Structures are given as structure tokens and as C-alpha cells.
Amino acid sequence: MSGALLETRGVGCSFRVSGGLFRGKKLLRAVESVSLTLRAGQTLGLVGESGCGKSTLAKMVLGLLTPSEGEILIDGRPLASLPRRERARRIQPIFQDPYSSLNPRRPVEEIIRQPLDINGVGTQEERRRQVTEMLDLVRLPLRARHAYPNQLSGGQRQRVAIARALILRPSIVICDEPTSALDVSVQAQILNILMDLRREFALSYLFVSHNLAVVEHLADEVAVMYLGRIVEQAPTEQIFTAPRHPYTRILLESVLTPEPHLGVPELGLGSSFPDPLEPPSGCSFHPRCPNIFQPCAKSLPDLRNAGAGRVACHLYDPRFDSLHPGSGSGDQGVRHSALLTQ
Numbered sequence: 011m012s013g014a015l016l017e018t019r020g021v022g023c024s025f026r027v028s029g030g031l032f033r034g035k036k037l038l039r040a041v042e043s044v045s046l047t048l049r050a051g052q053t054l055g056l057v058g059e060s061g062c063g064k065s066t067l068a069k070m071v072l073g074l075l076t077p078s079e080g081e082i083l084i085d086g087r088p089l090a091s092l093p094r095r096e097r098a099r100r101i102q103p104i105f106q107d108p109y110s111s112l113n114p115r116r117p118v119e120e121i122i123r124q125p126l127d128i129n130g131v132g133t134q135e136e137r138r139r140q141v142t143e144m145l146d147l148v149r150l151p152l153r154a155r156h157a158y159p160n161q162l163s164g165g166q167r168q169r170v171a172i173a174r175a176l177i178l179r180p181s182i183v184i185c186d187e188p189t190s191a192l193d194v195s196v197q198a199q200i201l202n203i204l205m206d207l208r209r210e211f212a213l214s215y216l217f218v219s220h221n222l223a224v225v226e227h228l229a230d231e232v233a234v235m236y237l238g239r240i241v242e243q244a245p246t247e248q249i250f251t252a253p254r255h256p257y258t259r260i261l262l263e264s265v266l267t268p269e270p271h272l273g274v275p276e277l278g279l280g281s282s283f284p285d286p287l288e289p290p291s292g293c294s295f296h297p298r299c300p301n302i303f304q305p306c307a308k309s310l311p312d313l314r315n316a317g318a319g320r321v322a323c324h325l326y327d328p329r330f331d332s333l334h335p336g337s338g339s340g341d342q343g344v345r346h347s348a349l350l351t352q
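Using this note's numbering, the first residue of the sequence shown is number 11, and each one after it goes up by one.
Given below as C-alpha cells:
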């Protein structure tokens, strides 16, 4: 893990929540044992269904939530040990809804300039010049500096949010569904701006999204999350051309196609996500998995090397080769080898 700009080591986050009337409180494990690495200049995509723990992990990285276990490191230093202002200089967020993340009572110039004011960066004239530069970089007209958020379109508001996030020149930006509230045409514009700014400032992005097309376009590496755990992590090309985990394959098959005769994909996952208050035993995906076999309901799979990435699935554990369906037919060794190399 040398050269890591951001690391999460076995990070977990749990909450005590109501289990219902007369049932007391139950433990909700929103994130469990997540270890990820983000290197300088890299974009790491984090994908999964709603409720899988993506945003909770992002909030822990931002310091908005305290991990229940594990640690988060910035340049090898514990995040918790960094002063708040230094943390703000190193890492900044871009949230999903730009309208709710901007103060409606302040004009654009004040919104973008506020991080400089709080941190006492430069003179008033220097701050004004930096705001002008950021407006240009996010492709907003200079006259927008006097506008209020309710006078801007959704795409323009998100550009203001991006300008505010980058005004302190952070090295890490946490993008939590930054385009999901926007029209498709506007999404493309925002993504192009993010890509240009990554090159301009040598930024590293943790890009949280459920939109696989966006992640494929932007990310260098992808981590797939299911029920609080990472089930697969690999370079983007491997994820989209040779996914290992059954859940990753199903996610890719769920993407709608413009071909009208193909209709809506039939995934066979059922209509509901598992109850995180009462997670399944063994592999958390096994009740919905099309490749389930004997060990899946009993033991939790380790995150092990597979190709250029890692996968948490018993299909890739050599200890269970003889237990795979059809293992006695003579073709299981071929099938398992194909899974490992596809």
C-alpha cells in the first residue's frame, strides 16, 4: 500500500437503531471491514445498490462520521489526528443535491469564497481573484458571481459546488453521486469538467455512484459494495469486461439498453434488498446468488486475489473446488479455471 494518498484499513461503522415496537434496539452494521486505497491522481469508483453503505463510507472519509472500527489514513497519518482546518485543505466533498448543499441566502461569490475566508487565505483582492479563476474553470460566466442559488439551473448550482470544493486546492475530492440529480445532457458537461479539473490540479477522486456508465467513463479502478462489504475490486476494464463476482455480473446486466426489443432486464434478484438488521449468514449475497453452493450459507468468503483485482466469493477459493456443482463430472476443474482467468 505504499504511495497511498488515502487508505481505509478494516473500517466499519455501526449504529443502534429501533427494531420495531416493543423490540428494543438492534445493531445495524452499515459498513464492515472495508480496506481501500486511493493513490495520487487516481479515480476510484465505489458502486452498489442504494443502502449498501457507500455514502456512509464517504462520510467517514470526510470525517463526518467516526468509524466504529479500523482507521482512515491520509498520507499515512490518521484522519482523526488531523486538525479540522488541515483536513478541510486536504479533502473536500461534492454532494448529490447542489441546491441543499448551497446556502440560499448567499450570492455565488460568497459561497465560493467562504472556505478562503474561514481559513484566512490571502487578502480580499487575492480571494476575489481566485473566485474569478474558479468561475472560469467550472465554465460559469463572470456575472454569475452576483446570483443566488435559486436563480441558477441545477447544472450551474453543481458547478458552484465544484468551485467551492476546489477553491482550497485539496488533493482528494469525495464525489457522492454528483450527477444523479441532473439531466443526462448536463451530467456529461459536469463529468467533463471533473475530468478536466483532475488533470489541472492532479486531483484524486473517490467517486460514489450507482450509475455504472458514469463510473466506467471516469474511474481508473472500481470497488463493488454489497451490504456493507467490498465484494470485488479491480481495474475498470476488468470490472466491465471480465467481472468475477456474481453480484458484479448482475449489476452489469441490469444496465438498460437502447435496443427496444430487449426490454427490461430480468435479473432474478427478487424485489427487495436483504434486511441489514438481520443479515444472512455466511456470504451476504447467497440468498440472491445464481451460483450458490454448499459453503455460501455457512462461511464468509475472504477478499482474495483474482486477475488484476480482488474478489470475495467461494467460487475462487480452492478449498471448495470439490464442492462446486458438477465437480464430479470431470468438467469442474475446467469451469473453475475459466472463472479465475476470464
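The beta-carbon is built from N, C-alpha and C at its ideal position, and this holds for glycine as well. Bear in mind the structure is a predicted one, so any value in this text is a computation, not a measurement.
Judging by CA-CA distance, which residue of the options is the nearest neighbour of residue i?
{"i": "Ser45", "options": "Ser111, Asp312, Gln197", "result": "Asp312"}
{"i": "Glu192", "options": "Ile177, Gly165, Met205", "result": "This sequence places Leu at residue 192; Glu is not what is there. Ranking the options by Cα distance to Leu192, first place goes to Gly165."}
{"i": "Lys36", "options": "Ile122, Arg116, Leu287", "result": "Leu287"}
{"i": "Leu176", "options": "Tyr109, Leu83, Pro328, Gln140", "result": "Gln140"}
{"i": "Ser294", "options": "Asn315, Arg87, Gln243, Gly238", "result": "Gly238"}
{"i": "Ala316", "options": "Gly51, Pro328, Ser195, Asp146", "result": "Pro328"}
{"i": "Asp186", "options": "Arg174, Leu216, Ile203", "result": "Leu216"}
{"i": "Ala233", "options": "Leu38, Cys62, Leu201", "result": "Cys62"}
{"i": "Leu126", "options": "Arg153, Pro180, Leu75, Pro300", "result": "Pro180"}
Just curious, the alpha helix (DSSP H) that residue i is in, first and last residue?
{"i": "Tyr257", "result": "256-263"}
{"i": "Gln243", "result": "Here Gln243 belongs to no alpha helix (DSSP H); instead the beta strand (DSSP E) covers 239-245."}
{"i": "Gln124", "result": "118-129"}
{"i": "Asp186", "result": "Looking at the DSSP string, Asp186 is not in any alpha helix (DSSP H); the run it does join, the beta strand (DSSP E), is 182-186."}
Measuring straight from C-alpha to C-alpha, what distance separates residue i and residue j?
{"i": "Ala40", "j": "Glu135", "result": "45 Å"}
{"i": "Arg428", "j": "Val118", "result": "Past the boundaries of the shown model lies residue 428; the chain is included only from 11 to 352, so the question cannot be answered."}
{"i": "Lys69", "j": "Gly58", "result": "16 Å"}
{"i": "Pro275", "j": "Ser60", "result": "Legend: pLDDT at Pro275 = 48, less than 50; position of this residue unreliable, value from coordinates given subsequently. For Pro275 and Ser60, the distance between alpha carbons rounds to 18 Å."}
{"i": "Arg137", "j": "Ala171", "result": "17 Å"}
{"i": "Leu9", "j": "Val183", "result": "No information on residue 9 is available, as it lies outside the stretch 11 to 352 that the chain covers here."}
{"i": "Thr142", "j": "Glu263", "result": "44 Å"}
{"i": "Tyr257", "j": "Asn221", "result": "15 Å"}
{"i": "Ile84", "j": "Cys323", "result": "30 Å"}
{"i": "Pro151", "j": "Leu145", "result": "7 Å"}
{"i": "Gln199", "j": "Lys308", "result": "47 Å"}
{"i": "Ala212", "j": "Val194", "result": "26 Å"}
{"i": "Arg87", "j": "Glu242", "result": "26 Å"}
{"i": "Arg167", "j": "Glu42", "result": "34 Å"}
{"i": "Pro188", "j": "Gln106", "result": "4 Å"}
{"i": "Ser12", "j": "Arg100", "result": "Here the model assigns Ser12 a pLDDT of 47, short of 50, so the residue's position is not dependable and the matter cannot be decided."}
Let me confirm a value: residue i is counted as buried when at least 16 other C-beta atoms fall within 10 Å, else exposed. Which label applies?
{"i": "His156", "result": "exposed"}
{"i": "Arg209", "result": "exposed"}
{"i": "Pro77", "result": "buried"}
{"i": "Gln248", "result": "buried"}
{"i": "Thr53", "result": "buried"}
{"i": "Ser111", "result": "buried"}
{"i": "Arg123", "result": "buried"}
{"i": "Arg320", "result": "buried"}
{"i": "Thr251", "result": "exposed"}
{"i": "Ser163", "result": "exposed"}
{"i": "Gln304", "result": "exposed"}
{"i": "Ile82", "result": "buried"}
{"i": "Thr133", "result": "exposed"}
{"i": "Ala318", "result": "exposed"}
{"i": "Gly20", "result": "exposed"}
For the putative contact between residue i and residue j, defined by C-beta atoms under 8 Å, what is the C-beta separation to the nearest angstrom?
{"i": "Tyr326", "j": "Arg254", "result": "7 Å"}
{"i": "Ser28", "j": "Val218", "result": "Rounded, the Cβ-Cβ distance is 27 Å, inconsistent with contact."}
{"i": "Arg49", "j": "Ala14", "result": "6 Å"}
{"i": "Gly73", "j": "Arg97", "result": "6 Å"}
For residue i, report the span of its beta strand (DSSP E) as first-last.
{"i": "Gly80", "result": "79-84"}
{"i": "Ser111", "result": "Where Ser111 is concerned, there is no enclosing beta strand (DSSP E), given that its DSSP letter is neither H nor E."}
So with Cβ pairs under 8 Å, would you call residue i a contact of chain D?
{"i": "Gly317", "result": "Annotation note: the requested chain D is absent from the structure, which comprises a single protein chain."}
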